[in-house]
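J.: Count along the sequence shown from 1, add 534, and you get the number used in my numbering.
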Amino acid sequence: MSSQRLIKLPHRVLLKVRGADTNAFLQGLITNDVTKLQTQNGLASFLLNTKGRIVEDVLLWRRGTDDVFLECSKGNQDALVKEILKYRLRKQVEISETSDQVFFDQEASEKHEHKDPRFAGFGARVFGNPSSSDFSENRENYENIRRSFGIAEGADELADLLPFQANGDLLNMVSLDKGCYIGQELTARTAHTGVIRRRILPFECEGQVKIGADILDEKKNKVGKIISSDTTRCLGILQLSSFKSTKLSADEVSLTAKQPEWMPDKILANNKTRTSLTDS
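#1: Taking only the alpha-carbon atoms, compute the straight-line gap between residue 814 and residue 700 and give it to the nearest angstrom.
#2: Roughly how many angstroms lie between the CA atoms of residue 809 and residue 588, to the nearest whole one?
#3: Taking its Cβ as the centre, do 16 or more other Cβ atoms sit within 10 Å of residue 736, making it buried, or is it exposed?
#4: For residue 541 and residue 676, which I take to be in contact (beta-carbon distance under 8 Å), what is that distance rounded to the nearest angstrom?
#5: In the DSSP assignment, find the beta strand (DSSP E) that holds residue 732 and state where it starts and stops.
#6: Kindly indicate which three-state DSSP category residue 614 falls into: helix, strand or coil?
#7: According to DSSP, is residue 803 part of a helix, a strand, or is it coil?
#8: How many angstroms separate the CA atom of residue 662 from the CA atom of residue 673?
#9: Going straight from the alpha carbon of residue 824 to that of residue 627, what length do you get?
#10: Cutting at 6 Å between CB atoms, please list the residues of its own chain near residue 614, excluding the five before and the five after it.
#11: Looking only at its own chain, which residues have a Cβ that is under 7 Å from the Cβ of residue 741, when we skip the five neighbours before and after it?
#12: Rounded to a whole number of angstroms, what is the C-alpha to C-alpha distance between residue 537 and residue 722?
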């Protein structure tokens, strides 16, 4: 595997979750259905707080054992583990950090063991400790690819948002027919009766934009906020009614909102009524 294909992700960490109650425990915590790991190697999900807001996004992986491996942002690792363990009570579950590093394979084949479960076109993960000659440390290349696909990642970008604002329904991160989990009530109500007026979208930008900068429309109304940026691409949460605004800007930098290839047309077309996949 060439160095051009693998990119080291030092900001991501791989934890091992093991114990007799692991599957049942995780099933009651996260937004996706853990039983899917019986037939697939990867699962994307959120951990929510009791108010239905995102604490962290996680990727769960099977690696040929009965253990579940949980990938999360390294900067939020301690807070995430603390949040998870406060619900453990007497369940037989243990969480430990592995020695494996996390890598991104941008040219994953259809048969790759750990393809990204959020979007099929977004490469795959590789875990382990290969020689330094076998990978690139250009993390920003990964971030550029991620922004171009419109995929937000980590607590810095996602904390306190609702799952549908983070496109969890479109990126295979939320199950609407599983049992109870932390934060489910608001998520289910939003899915079936609510209106999702804001979502994370990618933008083309004509320069670096400050994280947290307000997105303004042509009338200088605040219509969103930047959550991630480089000099050519941004991620921001935007009022969907402003998607076609002729002059969006943030931090005095011109922006152009883009529709990700995984986002159905109706999400942007029906922004004044219903914008969920539960619609007929």
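Note that beta-carbon positions come from the ideal geometry of N, C-alpha and C, so glycine has one too. Every value quoted in this text rests on a predicted model; they were computed, and no experiment measured them.
T.: Well, looking at it:
#1: With a pLDDT of 46 at residue 814, under the threshold of 50, the modelled position of that residue is not reliable, and the figure given next carries that caveat. Taking the straight line joining both Cα atoms gives about 21 Å.
#2: No answer about residue 809 holds up, because its pLDDT of 49 lies below 50 and its placement is not dependable.
#3: Counting other Cβ atoms within 10 Å of its Cβ, residue 736 reaches 16 or more and is therefore classed as buried.
#4: With 8 Å as the limit, residue 541 and residue 676 qualify as a contact, their Cβ atoms being about 5 Å apart.
#5: Going by DSSP, residue 732 is part of the beta strand (DSSP E) stretching over 732-739.
#6: Note: residue 614 maps to helix in three-state DSSP.
#7: It is helical.
#8: Between the C-alpha atoms of residue 662 and residue 673 there is a straight-line separation of about 17 Å.
#9: Not covered by the structure: residue 824. The range shown for the chain is 535 to 814.
#10: Within the same chain, residue 614 has close Cβ partners 590, 606.
#11: Around residue 741: 765, 787.
#12: Per-residue confidence for residue 537 stands at a pLDDT of 45, beneath the threshold of 50, marking its modelled position as unreliable; the derived number appears in the next sentence. Here the C-alpha atom of residue 537 lies approximately 43 Å from the C-alpha atom of residue 722.
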